[in-house]
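To keep things clear, I will list the structure first and then write my remarks on it.
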Amino acid sequence: MKTKTDFIVELKTIISALFVFLGLFIFCQANAQQPLETETGQLLKAKSLEWENTFEYQLSGEGKEAAYPMAIAYGISDYWELLVEPVFYTNISPKHGKSTTGIGDAEVTLTWNFIHEKKYCPAIAVAGEVKIPTAHNKLIGTGMTDYTVYLVASKKIGKFNFHGNIGYTFLGNPDTIKIDNIIDYAFATEFHLSKRIDLLAEVVGNTSSMSESPDNINSSPENAANISPELAGGELTGMIGARFYIKPQFFIALGVTYDNNNALLYRPGFTYIFNYKKEE
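Residues 47 to 326 (our numbering) make up the sequence shown, in order.
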């Protein structure tokens, strides 16, 4: 007889499989901001579908990591956008210990652009994100559901396009350790060098999830990392990258990221927009 735990595991597996099927069916894409991670207030036009494929490869003193995230964004209207971001493959190969392979956590984000961009006014939006714990291994995901709310602003000035985010994440709390919710922040700029090339730069960070409570005897980063590496201290990353447009609705991208843990991340990928509508 199946237990409740067996049922939950099977349900997560089915949901993950549906993500895979949906991704393969429409060739899977994501956020037109690739390779940026900063959210944008400049949403897709109504009924447009954006598909993004990305491959991530990270090198650090701890070992190597590889991941294959995808994203599908849909313009519900000119004011609302839905984004689904599953991670179909993750491999963590530490210098010491066994390698781990599996699916990662999935994220679903709904964004409302309540102020459209005007000549002297940025596009301003709010977004709500849910992280679904589809990862089955604690080295890949926390096993907990997280919720994030963002305030997003974007503005085009000449050949530059600026984006800024401030967010707050409510972290699922494991039973074995006390953790704090975190503040997320990001800033990115795009420079339209030519009709076919964009140059990009980005800074993304968050505060530490480690509780400073004196009653928490397990509050060291090392103990948190034993539960999940995602529960380690605050992070700060910087990225430079570029996009090359093959068509207005199709581009390839590359981002190179370096973080405060001395990890180097390469992010090649491509983006395609179905039912593309040129901006007015």
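Idealized CB from N, CA, C, for every residue including glycine.
Take residue i and list the residues in its own chain whose beta-carbon comes closer than 7 Å to its own, dropping the five residues that flank it on each side.
i	result
asparagine 321	Lys93, Ser94, Leu95
proline 140	Glu108, Gly109
aspartate 192	Lys177, Thr215, Phe216, Leu217, Gly218
glycine 148	Thr136, Ala181, His182, Asn183, Ile186
tryptophan 158	Tyr125, Trp126, Ala171, Val172
Grab me the residues of residue i's own chain with a C-beta within less than 8 Å of its C-beta, minus the 5 sequence neighbours each way, in chain order.
i	result
isoleucine 72	Confidence at isoleucine 72 is low in this model, with a pLDDT of 32, below 50, so the placement of that residue should be treated as unreliable; the coordinate-derived value is given next. Counting only Cβ-Cβ distances below 8 Å, and skipping sequence neighbours, we find Leu95, Trp97, Ile118, Phe320.
proline 115	Ala76, Thr100, Glu102, Glu131, Pro132, Val133, Phe134, Gly150
asparagine 79	Inspection of the sequence shows that residue 79 is occupied by glutamine rather than by asparagine. Glu85, Thr86, His209, Ala234.
phenylalanine 296	Phe316, Thr317, Tyr318, Ile319
Going by DSSP in three states, residue i sits in which element: helix, strand or coil?
i	result
aspartate 244	strand
phenylalanine 160	strand
proline 132	coil
isoleucine 138	strand
leucine 105	strand
methionine 285	strand
threonine 188	coil
alanine 119	strand
aspartate 230	strand
serine 200	strand
asparagine 219	coil
tyrosine 214	strand
proline 314	strand
lysine 323	coil
asparagine 183	coil
isoleucine 292	strand
alanine 152	strand
glycine 251	strand
leucine 82	coil
alanine 113	strand
Near residue i, what residues of its chain come up, given a Cβ to Cβ distance below 6 Å and the 5 sequence neighbours on each side ignored?
i	result
threonine 253	Ile228, Ile229, Gly280
asparagine 211	Thr84, Glu85, Tyr196, Val198, Ala232
proline 314	Phe101, Leu300
threonine 303	Thr283, Met285, Leu311
glutamine 88	Ala169, Ser200
isoleucine 138	Glu111, Thr146, Leu185
glutamine 104	Glu111, Ala309, Leu311
Would you report the Cα separation of residue i and residue j, rounded to the nearest angstrom?
i	j	result
glycine 213	threonine 194	7 Å
methionine 256	proline 294	44 Å
tyrosine 291	lysine 241	8 Å
serine 123	tyrosine 166	23 Å
alanine 181	asparagine 219	16 Å
lysine 323	glutamate 236	20 Å
phenylalanine 206	lysine 164	15 Å
threonine 188	phenylalanine 160	33 Å
threonine 136	leucine 129	20 Å
asparagine 307	histidine 142	17 Å
asparagine 183	isoleucine 203	44 Å
alanine 171	histidine 162	9 Å
lysine 224	aspartate 305	25 Å
tyrosine 125	alanine 173	12 Å
glutamate 127	threonine 317	17 Å
alanine 113	glutamate 175	21 Å
alanine 152	aspartate 226	21 Å
According to the Cβ coordinates, are residue i and residue j closer than 8 Å?
i	j	result
valine 154	isoleucine 178	yes
threonine 215	glycine 251	no
aspartate 244	alanine 288	yes
serine 145	alanine 309	no
leucine 156	glycine 121	no
leucine 239	leucine 82	no
Say whether chain D places a C-beta atom closer than 8 Å to the C-beta of residue i.
i	result
tyrosine 318	Going by chain labels, chain D is absent from the structure shown, which holds only one protein chain.
Below 7 Å, is the gap between the Cβ of residue i and the nearest heavy atom of the ligand MG?
i	result
phenylalanine 320	For the structure depicted, the ligand MG is absent and the ligand set is empty, with no information on it obtainable.
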